[in-house]
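Mapping of the sequence shown onto the working numbering: residues 692 to 1040, in sequence order.
From the three backbone atoms N, C-alpha and C, an ideal C-beta is built for every residue, glycine too.
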Amino acid sequence: MGAQKFRKRMAKLKIVFLSIALCWSLPLQAYDIDELVKILIEKNENNSAFKYDDQIDDISLDNADKIFIPEIDYSYSFSNTTSSTTSTSTINSNTNTISATVNLYNGGFSQLNLIATQTRNQALDFLRQYQKELLIKELINGYNTLQGLVLKKNNQQKNLNFYERKVQEAEILFQANRITKTDLLDFQNELISAESLLLDYDRQIDNLMLQVNKLLDMELEDEDVDFKRVIEIPDQLVEKKLFSELMNSSYGQYLTYIEQTYIPELEMNKKDLKPSVDLSYSLSDSDKFSSSVDHRRSSSLSLTLSVPLYDGYKDENNFDIQKYEYQKKLLTHKDLKKDLLNTYLKVLE
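As C-alpha coordinates, this is what we get:
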(Lines of atoms letter the chains of each structure in order from A and count residues from 1; the text may use other names and numbers.)
(Lines give C-alpha, C1' and ligand atoms only; values in the text may rest on other atoms or scores of the structure.)
Protein backbone atom coordinates (compact mmCIF):
# COMPACT_ATOMS: atom_id res chain seq x y z
CA MET A 1 0.00 0.00 0.00
CA GLY A 2 2.80 2.42 0.90
CA ALA A 3 4.57 1.83 -2.40
CA GLN A 4 1.33 2.34 -4.34
CA LYS A 5 0.66 5.69 -2.59
CA PHE A 6 4.23 6.75 -3.30
CA ARG A 7 3.83 5.96 -7.03
CA LYS A 8 0.55 7.94 -7.17
CA ARG A 9 2.19 10.92 -5.45
CA MET A 10 5.12 10.82 -7.87
CA ALA A 11 2.73 10.63 -10.83
CA LYS A 12 0.91 13.74 -9.59
CA LEU A 13 4.20 15.58 -9.11
CA LYS A 14 5.25 14.58 -12.63
CA ILE A 15 2.03 16.07 -14.05
CA VAL A 16 2.57 19.30 -12.08
CA PHE A 17 6.18 19.62 -13.32
CA LEU A 18 5.10 18.97 -16.90
CA SER A 19 2.38 21.62 -16.61
CA ILE A 20 4.85 24.16 -15.26
CA ALA A 21 7.35 23.37 -18.03
CA LEU A 22 4.61 23.71 -20.66
CA CYS A 23 3.55 27.09 -19.30
CA TRP A 24 7.13 28.34 -19.42
CA SER A 25 7.61 27.09 -22.97
CA LEU A 26 4.50 28.80 -24.37
CA PRO A 27 4.21 32.59 -24.80
CA LEU A 28 1.89 34.29 -22.33
CA GLN A 29 -0.14 35.72 -25.21
CA ALA A 30 -0.04 34.81 -28.88
CA TYR A 31 -1.28 37.76 -30.94
CA ASP A 32 -3.30 37.06 -34.06
CA ILE A 33 -3.38 39.49 -36.98
CA ASP A 34 -6.66 41.11 -35.86
CA GLU A 35 -5.14 42.01 -32.49
CA LEU A 36 -1.98 43.35 -34.13
CA VAL A 37 -4.04 45.57 -36.45
CA LYS A 38 -6.01 46.91 -33.46
CA ILE A 39 -2.75 47.68 -31.65
CA LEU A 40 -1.46 49.53 -34.72
CA ILE A 41 -4.68 51.55 -35.09
CA GLU A 42 -4.60 52.54 -31.42
CA LYS A 43 -0.94 53.53 -31.68
CA ASN A 44 -1.59 55.66 -34.76
CA GLU A 45 -4.47 57.43 -33.03
CA ASN A 46 -2.89 58.05 -29.63
CA ASN A 47 0.89 57.76 -29.83
CA SER A 48 2.18 58.83 -33.21
CA ALA A 49 2.96 61.90 -35.30
CA PHE A 50 -0.57 61.67 -36.74
CA LYS A 51 -2.03 62.82 -33.41
CA TYR A 52 0.19 65.90 -33.26
CA ASP A 53 -0.38 66.72 -36.93
CA ASP A 54 -4.12 66.82 -36.18
CA GLN A 55 -3.52 69.18 -33.27
CA ILE A 56 -1.29 71.42 -35.40
CA ASP A 57 -4.01 71.62 -38.05
CA ASP A 58 -6.61 72.57 -35.42
CA ILE A 59 -4.42 75.39 -34.11
CA SER A 60 -3.65 76.61 -37.65
CA LEU A 61 -7.37 76.76 -38.42
CA ASP A 62 -8.04 78.58 -35.14
CA ASN A 63 -5.44 81.21 -36.07
CA ALA A 64 -6.81 81.60 -39.59
CA ASP A 65 -10.34 82.05 -38.24
CA LYS A 66 -9.43 85.19 -36.27
CA ILE A 67 -10.58 87.65 -38.95
CA PHE A 68 -11.29 91.16 -37.57
CA ILE A 69 -9.87 90.19 -34.17
CA PRO A 70 -7.97 93.23 -32.84
CA GLU A 71 -4.38 93.10 -31.68
CA ILE A 72 -4.24 94.61 -28.21
CA ASP A 73 -0.94 95.76 -26.70
CA TYR A 74 0.09 97.34 -23.43
CA SER A 75 3.23 99.39 -22.90
CA TYR A 76 4.82 101.15 -19.97
CA SER A 77 7.50 103.81 -20.13
CA PHE A 78 9.45 105.74 -17.53
CA SER A 79 11.17 109.00 -18.41
CA ASN A 80 13.51 111.29 -16.53
CA THR A 81 13.62 114.75 -18.11
CA THR A 82 16.01 117.49 -17.02
CA SER A 83 15.62 121.02 -18.41
CA SER A 84 17.77 124.07 -17.73
CA THR A 85 16.99 127.72 -18.38
CA THR A 86 17.36 130.21 -15.53
CA SER A 87 16.83 127.24 -13.26
CA THR A 88 17.12 123.48 -13.50
CA SER A 89 14.13 121.18 -13.12
CA THR A 90 13.81 117.42 -13.25
CA ILE A 91 10.59 115.57 -14.07
CA ASN A 92 10.05 111.85 -13.53
CA SER A 93 7.12 110.54 -15.55
CA ASN A 94 5.39 107.15 -15.69
CA THR A 95 3.24 106.47 -18.74
CA ASN A 96 0.88 103.54 -19.29
CA THR A 97 -0.50 102.96 -22.77
CA ILE A 98 -2.98 100.46 -24.13
CA SER A 99 -3.62 100.22 -27.85
CA ALA A 100 -5.76 98.14 -30.18
CA THR A 101 -5.42 97.67 -33.93
CA VAL A 102 -7.77 95.80 -36.22
CA ASN A 103 -7.28 95.21 -39.92
CA LEU A 104 -10.38 96.11 -41.91
CA TYR A 105 -9.06 95.18 -45.34
CA ASN A 106 -5.90 93.50 -46.60
CA GLY A 107 -6.79 92.57 -50.15
CA GLY A 108 -8.93 89.63 -49.03
CA PHE A 109 -5.86 87.82 -47.65
CA SER A 110 -7.52 86.83 -44.36
CA GLN A 111 -10.60 85.34 -46.02
CA LEU A 112 -8.50 83.49 -48.60
CA ASN A 113 -6.19 82.20 -45.86
CA LEU A 114 -9.20 80.83 -43.95
CA ILE A 115 -10.54 79.05 -47.05
CA ALA A 116 -7.11 77.64 -47.94
CA THR A 117 -6.49 76.45 -44.37
CA GLN A 118 -9.88 74.74 -44.08
CA THR A 119 -9.44 72.99 -47.43
CA ARG A 120 -5.82 72.05 -46.72
CA ASN A 121 -6.81 70.52 -43.38
CA GLN A 122 -9.45 68.39 -45.11
CA ALA A 123 -6.86 67.27 -47.65
CA LEU A 124 -4.33 66.41 -44.93
CA ASP A 125 -6.98 64.46 -43.00
CA PHE A 126 -7.49 62.23 -46.05
CA LEU A 127 -3.72 61.97 -46.59
CA ARG A 128 -3.18 60.81 -43.01
CA GLN A 129 -6.03 58.33 -43.39
CA TYR A 130 -4.29 56.98 -46.51
CA GLN A 131 -0.95 56.78 -44.69
CA LYS A 132 -2.58 54.85 -41.85
CA GLU A 133 -4.09 52.45 -44.39
CA LEU A 134 -0.63 51.94 -45.89
CA LEU A 135 0.79 51.08 -42.46
CA ILE A 136 -1.97 48.51 -41.90
CA LYS A 137 -1.29 47.08 -45.35
CA GLU A 138 2.43 46.92 -44.52
CA LEU A 139 1.62 45.06 -41.30
CA ILE A 140 -0.64 42.55 -43.08
CA ASN A 141 1.93 41.99 -45.84
CA GLY A 142 4.60 41.45 -43.20
CA TYR A 143 2.33 38.97 -41.40
CA ASN A 144 1.71 37.04 -44.63
CA THR A 145 5.42 36.93 -45.44
CA LEU A 146 6.27 35.84 -41.90
CA GLN A 147 3.57 33.19 -42.10
CA GLY A 148 5.25 31.70 -45.16
CA LEU A 149 8.73 31.97 -43.66
CA VAL A 150 7.68 30.30 -40.40
CA LEU A 151 6.15 27.43 -42.39
CA LYS A 152 9.34 27.10 -44.44
CA LYS A 153 11.43 27.24 -41.28
CA ASN A 154 9.41 24.45 -39.66
CA ASN A 155 9.69 22.29 -42.78
CA GLN A 156 13.38 23.03 -43.01
CA GLN A 157 13.83 22.00 -39.37
CA LYS A 158 12.32 18.64 -40.32
CA ASN A 159 14.71 18.44 -43.27
CA LEU A 160 17.60 19.25 -40.95
CA ASN A 161 16.58 16.48 -38.57
CA PHE A 162 16.39 14.12 -41.54
CA TYR A 163 19.91 15.03 -42.73
CA GLU A 164 21.29 14.72 -39.21
CA ARG A 165 20.01 11.14 -39.08
CA LYS A 166 21.37 10.48 -42.58
CA VAL A 167 24.82 11.73 -41.55
CA GLN A 168 24.76 9.57 -38.42
CA GLU A 169 23.83 6.55 -40.54
CA ALA A 170 26.49 7.46 -43.11
CA GLU A 171 29.18 7.67 -40.42
CA ILE A 172 28.23 4.18 -39.21
CA LEU A 173 28.28 2.85 -42.78
CA PHE A 174 31.62 4.55 -43.40
CA GLN A 175 33.10 2.94 -40.29
CA ALA A 176 31.86 -0.40 -41.63
CA ASN A 177 33.43 0.34 -45.05
CA ARG A 178 30.00 0.23 -46.67
CA ILE A 179 30.38 3.69 -48.27
CA THR A 180 33.31 5.81 -49.37
CA LYS A 181 34.69 8.99 -47.84
CA THR A 182 33.23 10.92 -50.75
CA ASP A 183 29.76 9.58 -50.00
CA LEU A 184 30.13 10.63 -46.37
CA LEU A 185 31.23 14.13 -47.38
CA ASP A 186 28.21 14.42 -49.68
CA PHE A 187 25.87 13.69 -46.76
CA GLN A 188 27.74 16.15 -44.55
CA ASN A 189 27.54 18.85 -47.23
CA GLU A 190 23.78 18.30 -47.51
CA LEU A 191 23.55 18.75 -43.73
CA ILE A 192 25.56 21.99 -43.90
CA SER A 193 23.30 23.28 -46.69
CA ALA A 194 20.23 22.44 -44.63
CA GLU A 195 21.68 24.27 -41.60
CA SER A 196 22.55 27.28 -43.75
CA LEU A 197 19.05 27.47 -45.21
CA LEU A 198 17.51 27.23 -41.74
CA LEU A 199 19.74 30.07 -40.52
CA ASP A 200 18.71 32.11 -43.55
CA TYR A 201 15.03 31.67 -42.69
CA ASP A 202 15.80 32.68 -39.10
CA ARG A 203 17.57 35.81 -40.33
CA GLN A 204 14.68 36.77 -42.62
CA ILE A 205 12.18 36.23 -39.81
CA ASP A 206 14.25 38.32 -37.38
CA ASN A 207 14.54 41.18 -39.89
CA LEU A 208 10.81 41.16 -40.58
CA MET A 209 10.00 41.04 -36.87
CA LEU A 210 12.16 44.14 -36.41
CA GLN A 211 9.99 45.94 -38.96
CA VAL A 212 6.79 44.69 -37.31
CA ASN A 213 8.02 45.81 -33.88
CA LYS A 214 8.88 49.22 -35.30
CA LEU A 215 5.35 49.53 -36.68
CA LEU A 216 3.75 48.49 -33.40
CA ASP A 217 6.32 50.00 -31.00
CA MET A 218 6.59 46.60 -29.29
CA GLU A 219 9.23 43.93 -28.68
CA LEU A 220 7.74 40.71 -30.02
CA GLU A 221 9.40 37.47 -31.03
CA ASP A 222 7.94 35.38 -33.83
CA GLU A 223 6.85 32.87 -31.16
CA ASP A 224 4.58 35.60 -29.72
CA VAL A 225 2.49 35.74 -32.90
CA ASP A 226 -0.16 33.25 -33.97
CA PHE A 227 0.50 32.57 -37.66
CA LYS A 228 -2.34 30.08 -38.11
CA ARG A 229 -4.83 32.70 -39.27
CA VAL A 230 -5.40 32.72 -43.04
CA ILE A 231 -6.31 36.19 -44.30
CA GLU A 232 -9.07 36.22 -46.89
CA ILE A 233 -9.17 39.16 -49.30
CA PRO A 234 -12.73 40.44 -49.98
CA ASP A 235 -13.85 40.28 -53.61
CA GLN A 236 -14.53 44.04 -53.75
CA LEU A 237 -10.84 44.74 -53.13
CA VAL A 238 -9.76 42.85 -56.23
CA GLU A 239 -12.57 43.95 -58.53
CA LYS A 240 -11.55 46.37 -61.27
CA LYS A 241 -12.53 49.97 -60.48
CA LEU A 242 -13.20 53.03 -62.59
CA PHE A 243 -10.91 56.04 -62.23
CA SER A 244 -13.78 57.97 -60.63
CA GLU A 245 -14.01 55.25 -57.98
CA LEU A 246 -10.28 55.52 -57.34
CA MET A 247 -10.71 59.25 -56.76
CA ASN A 248 -13.19 58.42 -54.00
CA SER A 249 -10.46 56.59 -52.09
CA SER A 250 -8.67 58.36 -49.25
CA TYR A 251 -5.70 59.26 -51.47
CA GLY A 252 -8.03 60.32 -54.30
CA GLN A 253 -9.91 62.60 -51.89
CA TYR A 254 -6.59 64.06 -50.77
CA LEU A 255 -5.74 64.92 -54.38
CA THR A 256 -9.17 66.49 -54.88
CA TYR A 257 -9.00 68.74 -51.82
CA ILE A 258 -5.35 69.72 -52.11
CA GLU A 259 -6.01 70.92 -55.67
CA GLN A 260 -8.67 73.28 -54.31
CA THR A 261 -6.02 75.08 -52.23
CA TYR A 262 -3.94 76.14 -55.23
CA ILE A 263 -6.10 79.10 -56.36
CA PRO A 264 -6.56 80.64 -52.87
CA GLU A 265 -2.84 80.28 -52.19
CA LEU A 266 -2.06 82.04 -55.48
CA GLU A 267 -4.49 84.88 -54.76
CA MET A 268 -3.02 85.33 -51.29
CA ASN A 269 0.25 86.34 -52.93
CA LYS A 270 -1.44 89.52 -54.20
CA LYS A 271 -1.44 90.88 -50.66
CA ASP A 272 1.57 93.14 -51.25
CA LEU A 273 -0.01 94.49 -54.45
CA LYS A 274 -3.26 95.64 -52.83
CA PRO A 275 -4.07 98.42 -50.36
CA SER A 276 -4.75 97.74 -46.70
CA VAL A 277 -6.89 99.57 -44.15
CA ASP A 278 -6.25 99.49 -40.39
CA LEU A 279 -8.26 100.99 -37.55
CA SER A 280 -6.29 101.88 -34.40
CA TYR A 281 -7.15 103.20 -30.97
CA SER A 282 -4.79 104.07 -28.13
CA LEU A 283 -5.23 105.34 -24.60
CA SER A 284 -2.30 106.66 -22.54
CA ASP A 285 -2.04 107.89 -19.00
CA SER A 286 0.90 109.88 -17.57
CA ASP A 287 1.25 110.75 -13.90
CA LYS A 288 3.57 113.72 -14.59
CA PHE A 289 3.35 115.17 -18.07
CA SER A 290 5.27 118.41 -17.52
CA SER A 291 6.26 120.88 -14.84
CA SER A 292 2.90 122.58 -15.19
CA VAL A 293 0.74 119.48 -15.90
CA ASP A 294 0.76 116.76 -13.26
CA HIS A 295 -1.58 114.21 -14.77
CA ARG A 296 -2.57 113.74 -18.36
CA ARG A 297 -4.76 111.20 -20.12
CA SER A 298 -5.02 111.12 -23.91
CA SER A 299 -6.72 108.92 -26.47
CA SER A 300 -6.57 108.70 -30.23
CA LEU A 301 -8.53 106.95 -32.94
CA SER A 302 -6.99 106.63 -36.37
CA LEU A 303 -7.84 105.06 -39.70
CA THR A 304 -4.80 104.21 -41.80
CA LEU A 305 -4.82 103.51 -45.52
CA SER A 306 -1.67 102.00 -47.03
CA VAL A 307 -1.32 101.81 -50.80
CA PRO A 308 1.73 100.21 -52.47
CA LEU A 309 2.97 102.53 -55.22
CA TYR A 310 6.43 101.48 -56.33
CA ASP A 311 9.23 99.19 -55.14
CA GLY A 312 11.08 98.55 -58.36
CA TYR A 313 8.44 95.96 -59.42
CA LYS A 314 9.66 93.50 -56.79
CA ASP A 315 6.13 92.67 -55.63
CA GLU A 316 4.95 92.21 -59.22
CA ASN A 317 7.90 89.96 -59.98
CA ASN A 318 7.28 87.91 -56.84
CA PHE A 319 3.68 87.39 -57.88
CA ASP A 320 4.79 86.29 -61.36
CA ILE A 321 7.04 83.72 -59.68
CA GLN A 322 4.05 82.42 -57.71
CA LYS A 323 2.02 82.16 -60.92
CA TYR A 324 4.72 79.93 -62.40
CA GLU A 325 4.78 77.90 -59.18
CA TYR A 326 1.02 77.50 -59.54
CA GLN A 327 1.44 76.12 -63.08
CA LYS A 328 4.08 73.69 -61.79
CA LYS A 329 1.67 72.50 -59.08
CA LEU A 330 -0.98 71.79 -61.71
CA LEU A 331 1.47 69.69 -63.74
CA THR A 332 2.62 67.78 -60.66
CA HIS A 333 -0.99 67.22 -59.62
CA LYS A 334 -1.79 65.81 -63.05
CA ASP A 335 1.14 63.39 -62.72
CA LEU A 336 -0.04 62.31 -59.25
CA LYS A 337 -3.43 61.36 -60.68
CA LYS A 338 -1.72 59.34 -63.42
CA ASP A 339 0.49 57.65 -60.82
CA LEU A 340 -2.61 56.70 -58.83
CA LEU A 341 -4.12 55.00 -61.87
CA ASN A 342 -0.86 53.33 -62.94
CA THR A 343 -0.21 51.97 -59.44
CA TYR A 344 -3.71 50.52 -59.31
CA LEU A 345 -3.33 48.87 -62.74
CA LYS A 346 -0.01 47.32 -61.72
CA VAL A 347 -1.65 45.80 -58.65
CA LEU A 348 -4.26 44.15 -60.88
CA GLU A 349 -1.63 42.57 -63.14
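{"Query": "Length of the line joining the Cα atoms of Y1017 and L818", "Result": "21 Å"}
{"Query": "Per DSSP, the bridge partner or partners of T947", "Result": "None, per the DSSP bridge assignment."}
{"Query": "Nonlocal neighbours in the same chain, by C-beta distance under 6 Å from S977, ignoring five residues either side", "Result": "S784, T786, R987"}
{"Query": "Three-state secondary structure assigned by DSSP to F769", "Result": "strand"}
{"Query": "Distance, D756 Cα to K1020 Cα", "Result": "26 Å"}
{"Query": "Contact check, I896 vs L837, beta carbons under 8 Å", "Result": "yes"}
{"Query": "Rounded separation between S997 and P966 - CA only", "Result": "5 Å"}
{"Query": "Selection from L889, I863, A867, E726 that minimises the alpha carbon distance to L1045", "Result": "The chain is shown from 692 up to 1040; residue 1045 falls before or after that span and cannot be answered."}
{"Query": "Distance, Y945 Cα to T952 Cα", "Result": "11 Å"}
{"Query": "Y722 versus K962 - alpha carbon distance", "Result": "57 Å"}
{"Query": "Candidates T947, L875, E923: closest to F934 by CA position", "Result": "T947"}
{"Query": "N846 classed as buried or exposed, judged by whether at least 16 other C-beta atoms fall within 10 angstroms", "Result": "exposed"}
{"Query": "Inter-residue Cα distance where the pair is R920 and N735", "Result": "24 Å"}
{"Query": "Cβ-based neighbour list, F769, same chain, cut-off 6 Å, excluding 5 preceding and 5 following", "Result": "N785"}
{"Query": "Coil, strand or helix - D1002 by DSSP", "Result": "coil"}
{"Query": "Same chain, Cβ closer than 6 Å to L1036, five either side skipped, listed in chain order", "Result": "none"}
{"Query": "8 Å Cβ shell around N1033 - same chain, five flanking residues per side excluded", "Result": "none"}
{"Query": "Segments assigned alpha helix (DSSP H), at least 4 residues, entirely inside the segment 894-939", "Result": "926-929, 934-937"}
{"Query": "Through-space distance from Q848 to T808, alpha-carbon basis", "Result": "58 Å"}
{"Query": "Residues bridged to E762 [DSSP beta-bridge criterion]", "Result": "T792"}
{"Query": "Between the CA atoms of I732 and G1003 - distance to the nearest angstrom", "Result": "55 Å"}
{"Query": "Residues near I827 in its chain [Cβ-Cβ closer than 8 Å; skip 5 each side]", "Result": "V728, L731, I732"}
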